[in-house]
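Numbering (our numbering), first residue to last: 2 to 163. Built from N, CA and C at the ideal position, the CB exists for glycine as well. Every value quoted in this text rests on a predicted model; they were computed, and no experiment measured them.
And the structure:
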């Protein structure tokens, strides 16, 4: 019984927060950044992973809700630990590859007015000028990992979420 109690205490202290972002690119590998209506910073598309939702599903859902695009989440590019910052617990941020958008896809973007007010494509070398430092580092690491043959398994199975 004592072992079970120790395990429960251990689990209670584990991170309960996960978020997922997606790298969407356009010509010359420019990276999509979005400006939320409720913050004064730029981010990449994505958001919190809901209970019983995978990071890939979260990316796909967020892109559909915020941008009106149906884009499958591809290879896992980066997992980043984010330390606690009250009132938030520490957590993990998953960054997945969304591929290169066509001009036609970009033309169909419809921003959710409750979520986003702007979208831009930024050269990778300018990310640190646009994003907060920790996000700029995370996105730069993710962009550097593109094309390295990574896979994104869910429950051990390679997947492509649509």
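Which first and last residues belong to the alpha helix (DSSP H) in which residue i is found?
i           : result
residue 111 : Careful: residue 111 lies outside any alpha helix (DSSP H) and carries neither H nor E.
residue 127 : Note, residue 127: premise wrong, no alpha helix (DSSP H); not H, not E.
residue 72  : Premise fails: residue 72 is in no alpha helix (DSSP H) and is neither H nor E.
Excluding the 5 residues flanking residue i on each side, which residues of the same chain have their C-beta closer than 7 Å to its C-beta?
i           : result
residue 129 : 137
residue 113 : 66 and 67
residue 162 : Only weak support is given to the placement of residue 162: the predicted model assigns it a pLDDT of 48, under 50, and the value that follows is read from those uncertain coordinates. Closer than 7 Å at the Cβ level, and outside the excluded window around residue 162, lie 57, 58, 61, 73 and 74.
residue 133 : 42
residue 53  : none
residue 20  : 47, 48, 49, 50, 92 and 94
residue 122 : 27, 31, 32 and 33
residue 131 : 34, 43 and 123
residue 63  : 46, 47 and 48
Using a beta-carbon distance below 8 Å, is residue i in contact with chain B?
i          : result
residue 52 : The displayed structure is made up of one protein chain only, and chain B is not part of it.
For residue i, I'd like the list of residues in its chain whose CB is within less than 8 Å of its CB, leaving aside the five on either flank, ordered along the chain.
i           : result
residue 141 : 125, 128 and 129
residue 109 : 69 and 70
residue 29  : 124
Find out if the Cβ-Cβ distance for the pair residue i, residue j is shorter than 8 Å.
i           : j           : result
residue 111 : residue 69  : yes
residue 99  : residue 23  : yes
residue 66  : residue 35  : no
residue 60  : residue 143 : no
residue 139 : residue 96  : yes
residue 166 : residue 120 : What the structure shows of the chain is the stretch from 2 to 163, and residue 166 is not part of that stretch, so it cannot be assessed.
residue 18  : residue 90  : yes
residue 38  : residue 117 : yes
Does the distance between the C-beta of residue i and the nearest non-hydrogen atom of the ligand NAD fall short of 7 Å?
i          : result
residue 28 : By its list of ligands, the structure shown contains no ligand whatsoever, and the ligand NAD lies outside what it can speak to.
If you follow the beta strand (DSSP E) that residue i is part of, which residue opens it and which one closes it?
i           : result
residue 140 : Segment 134–146 is the alpha helix (DSSP H) holding residue 140; no beta strand (DSSP E) there.
residue 25  : 18–27
Quick one: what's got a C-beta closer than 6 Å to residue i's C-beta in the same chain, skipping five residues either side?
i           : result
residue 105 : none
residue 103 : none
Note to self: Could you tell me which whole alpha helix (DSSP H) segments of length 4 or greater appear in the segment 30–97?
What the structure shows: 56–68
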